[in-house]
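Residues in the sequence shown are numbered from 0 upward in steps of one, following numbering that gives the first Met the number 0.
Just so it is clear, CB atoms sit at the ideal spot from N, CA and C, and this is done for glycine as well.
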Amino acid sequence: MKKPLRKNQSRAGSATRRQLEYDVLVHHCRKDKERLIRRLASHLHGNAHGCLVYKAAAHDRAGGYPKISFRYEGQHVLIAACRVFLILKTCAPIPLGFEAGHTCPEAARSTREDKGCVRHLELQHCRENAADNARPQR
Numbered sequence: 000m001k002k003p004l005r006k007n008q009s010r011a012g013s014a015t016r017r018q019l020e021y022d023v024l025v026h027h028c029r030k031d032k033e034r035l036i037r038r039l040a041s042h043l044h045g046n047a048h049g050c051l052v053y054k055a056a057a058h059d060r061a062g063g064y065p066k067i068s069f070r071y072e073g074q075h076v077l078i079a080a081c082r083v084f085l086i087l088k089t090c091a092p093i094p095l096g097f098e099a100g101h102t103c104p105e106a107a108r109s110t111r112e113d114k115g116c117v118r119h120l121e122l123q124h125c126r127e128n129a130a131d132n133a134r135p136q137r
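Take a look at the structure:
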């Protein structure tokens, strides 16, 4: 039996957490892929900027980014929607030192809609992502 996650393990920066995110998605894809796709698709909404925005309940948002809750090995695991979709897109865990970077059009960035966007994602180095987030129009 695996030990439950400690608070400091819940950070996306740890290798353990990154592997857990990947394992959770692989487990749910193998268990019932169609159900997972229907569940994720039911929360997607397009906008005028060409973004696919994941709309989640208010309690599932942290820092403006929507979170998705999964049940895995007897515990609940919250994963940011952008990370879920990037893992599904790349079919691999997000490497250490990298994050899900939003590459939405400038119009979407100025309205802050890009935080929920799951279409315009790419792997970005942490420093590059931090510099991108510090831009004034965000």
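Classify residue i as helix, strand or coil using the three-state DSSP reduction.
i: asparagine 26; result: Position check: residue 26 holds histidine in this sequence, whereas asparagine was assumed. Reduced to three states, the DSSP call for histidine 26 is helix.
i: arginine 70; result: strand
i: leucine 95; result: coil
i: valine 83; result: helix
i: glycine 62; result: coil
i: glycine 115; result: helix
Going by beta-carbon coordinates alone, are residue i and residue j separated by less than 8 Å?
i: isoleucine 86; j: glutamate 20; result: yes
i: phenylalanine 97; j: glutamine 123; result: yes
i: valine 23; j: tyrosine 64; result: no
i: histidine 101; j: phenylalanine 69; result: no
i: isoleucine 93; j: arginine 17; result: yes
i: cysteine 103; j: histidine 48; result: yes
i: alanine 80; j: alanine 40; result: no
What is the C-beta distance between residue i and residue j, in whole angstroms, given that I count them as a contact (C-beta under 8 Å)?
i: arginine 82; j: alanine 99; result: 5 Å
Which same chain residues, not among the five before or five after residue i, have their C-beta less than 8 Å away from its C-beta?
i: valine 52; result: Leu43, His44, Gly45, Asn46, Glu112, Gly115, Cys116 and Val117
i: histidine 75; result: Ser68 and Phe69
i: leucine 120; result: Cys81, Phe84, Leu85, Lys88, Ala99, Gly100, His101 and Thr102
What does a CB cutoff of less than 6 Å around residue i pick up in its chain, not counting 5 residues either side in sequence?
i: leucine 4; result: Note on leucine 4: pLDDT 48, under 50, position unreliable in the model; no value is reported.
If I measure Cβ to Cβ from residue i and keep anything under 7 Å in the same chain, skipping five residues before and after, which residues do I get?
i: leucine 35; result: His27 and Cys28
Sort out for me which residues DSSP pairs residue i with in a bridge.
i: glycine 49; result: According to DSSP, which records beta bridges pairwise, glycine 49 is partnered with nothing at all.
i: histidine 101; result: Leu120
i: leucine 19; result: Leucine 19 is not bridged to any residue.
i: histidine 75; result: Arg70
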